[in-house]
Structure formats: structure tokens, C-alpha cells
Amino acid sequence: MILPIFLYGQPVLRKETEEVPADYPDLRVLIDDMFETLTVAEGCGLAAPQVGKSLRLFVVDGTELKEEYPECDGFKQPFINPEILEESEEKIAYSEGCLSLPGISENVIRPKSVLVRYQDINGEEHEEWLEGFRSRIFQHEYDHIEGNVFTDRISPIRRQFVKGKLMNIAKGRTIPKYKFKKNV
Ligand code: NI
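Numbering (the numbering used here), first residue to last: 14 to 197.
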């Protein structure tokens, strides 16, 4: 089922999220729905708050980006109760966009690689270093479950520049191509 995507201005994007309990009902259905929603919207990541759920869960699908970022080949999976354990000192800028912030893309500087821990759909715990654009997608989605969006991380000057666009989204004046939850 395709879920409506919650846009900038919806309180759920800023709300504190809860750990996904092992017995969360219909977790597989939610994850399948999130993948379907992500694919139809042509994004590379979608976090639970973006579909109105205050949970520490996101899905990624970087497979369409493998031409540009070979490390994204096969990078399609859910991350349940993810954590960032370590960050590389080296930082890198990439242009980011977000399904909750349609029409905005800005350079964001973040650690180049991250050591992460998470559970898979079977409850198995994994720990691994993510590199390149894998690391970037993970960090962007991780922001969502911490109540942040990528424009929180851009320079004050750039933030000033996108202020009007953010306002338009929050006021319901920006209509994305995909199914979304109306702001007003
Ligand atoms: Ni996003």
C-alpha cells in the first residue's frame, strides 16, 4: 500500500521517536509499504516519521544510483533501531534532497563514513562501516528519526535562501508528484 508522505511543517517530523519493539504488530507490512511508497516517489530513503510513525525505523534503496555511486549497488534494506557508533573525522559535502521537502536540494557536510549498528527484519543485530553514498543516505535518514531534516544542517545563509521554499511547503503551496498528507 502506498502511504502518504508527511511534508515539512508536520509536527511528526520533529517528534521524538520510539524504539521498534520486537513484537511490533505487522512490522513487515509497514516496511513493505514504506518500500512501495519510496519506489513510487522515486526516493532513495524513507524514515518512519515521514509516513506519520514515530518509530526508530527507516528504509533505503540506493540501487538506482549505482551508476553514479557504485557502492550503492545492492543497498536496499530496512534499518530497525539504528545507531551511529562512530563517525570518520573526514567530512564530505553532497547535495541532498528529501521527499518531505520537495523542490529543495542543498549541499550538506557530514562525516564521510559511519560505523552503524541496527537490527534487520529478523531481529538480527549488525554492525558495519558504511562508506560513500551509503553512509550519506543512512545519515540523512538517521536525522529523520532524531527529529531533524537536512536543511537544519545547511549554512545560515543558505537557510535564509530556502526559507521561502520551506514556508511554501509548510503552508501547503508546494504540491509534490507523489501521494502526500496535506499540511493545511
Ligand atoms: Ni529525507
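No residue lacks a Cβ here, since even glycine has one placed at the ideal position from N, Cα and C.
Exercise for review: Please find out if some non-hydrogen atom of ligand 1 comes closer than 7 Å to the beta-carbon of Cys57.
Suggested key: Counting from 1 along the sequence shown, the entry for residue 57 is found at position 44. Cys57: no, Cβ never under 7 Å from ligand 1.
Check your understanding: So, helix, strand or coil for Ile18, using DSSP?
Key -> Reading the sequence shown from its first residue, position 5 is the one you call residue 18. Residue state, collapsed to three classes: strand.
Check your understanding: If you drop the 5 nearest sequence neighbours on each side, which residues of the same chain put their C-beta closer than 6 Å to that of Arg130?
Key -> By one-based count along the sequence shown, residue 130 stands at place 117. Contacts found: Glu96, Leu98, Glu140.
Check your understanding: Is any heavy atom in ligand 3 found nearer than 7 Å to the beta carbon of Ser118?
Key -> Inclusion of ligand 3 in the displayed structure is not the case, the ligand content consisting of ligand 1 alone.
Review point. What are the boundary residues of the alpha helix (DSSP H) that Gln90 is part of?
Key: In the sequence shown, the residue the question calls residue 90 occupies position 77. Here Gln90 belongs to no alpha helix (DSSP H); instead the beta strand (DSSP E) covers 89-100.
Review point. If you measure from the CB of Leu207, is any heavy atom of ligand 1 nearer than 7 Å?
Key: Summary: the structure shown does not reach residue 207, with the chain confined to residues 14 through 197, and so no result is reported for it.
Practice item. Using a threshold of 8 Å, state whether the C-beta atoms of Gly75 and Arg147 are closer than that. Key: Counting from 1 along the sequence shown, the entry for residue 75 is found at position 62. Counting from 1 along the sequence shown, the entry for residue 147 is found at position 134. For Gly75 and Arg147, yes; Cβs fall inside 8 Å.
Check your understanding: Candidates Tyr82, Ile170, Ile93, Met14: which alpha carbon is nearest Glu138's?
Key -> Locating residue 138 in the sequence shown gives position 125, where the first residue counts as 1. Comparing Cα-Cα distances from Glu138 to each of Tyr82, Ile170, Ile93, Met14, the minimum goes to Ile93.
Point to revise | Selection from Ile134, His157, Gln173 that minimises the alpha carbon distance to Val42 | key: Translated into positions along the sequence shown, residue 42 becomes position 29. Of the candidates Ile134, His157, Gln173, the one whose C-alpha sits nearest the C-alpha of Val42 is Ile134.
Practice item. Measure the beta-carbon distance from Pro62 to His157 and round it to whole angstroms, keeping in mind my assumption that it falls under 8 Å. Key: In the sequence shown, the residue the question calls residue 62 occupies position 49. In the sequence shown, the residue the question calls residue 157 occupies position 144. Indeed they touch by this definition, with Cβ atoms about 5 Å apart.
Practice item. For Glu31, collect the residues of the same chain with a Cβ closer than 8 Å to its Cβ; drop the 5 residues on either side in sequence, then sort them by chain order. Key: Position 18 of the sequence shown, counted from the start, is the residue given in the question as residue 31. The residues are Ser67, Leu68, Arg69.
Exercise for review: Flag Ser67 as yes when its Cβ comes closer than 7 Å to any non-hydrogen atom of ligand 1, and as no otherwise.
Suggested key: In the sequence shown, the residue the question calls residue 67 occupies position 54. Result no, Cβ not under 7 Å from ligand 1.
Point to revise | Own chain partners of Glu119 with C-beta closer than 6 Å, once the 5 adjacent residues on each side are dropped | key: What you label residue 119 is simply residue 106 of the sequence shown in a count that begins at 1. So the list reads Ile167, Arg171, once near-sequence residues are dropped.
Check your understanding: Is the beta carbon of Tyr155 sitting closer than 8 Å to the one on Ala54?
Key -> Walking along the sequence shown from the start, residue 155 turns up at place 142. Walking along the sequence shown from the start, residue 54 turns up at place 41. No, Cβ-Cβ distance for Tyr155 and Ala54 is not below 8 Å.
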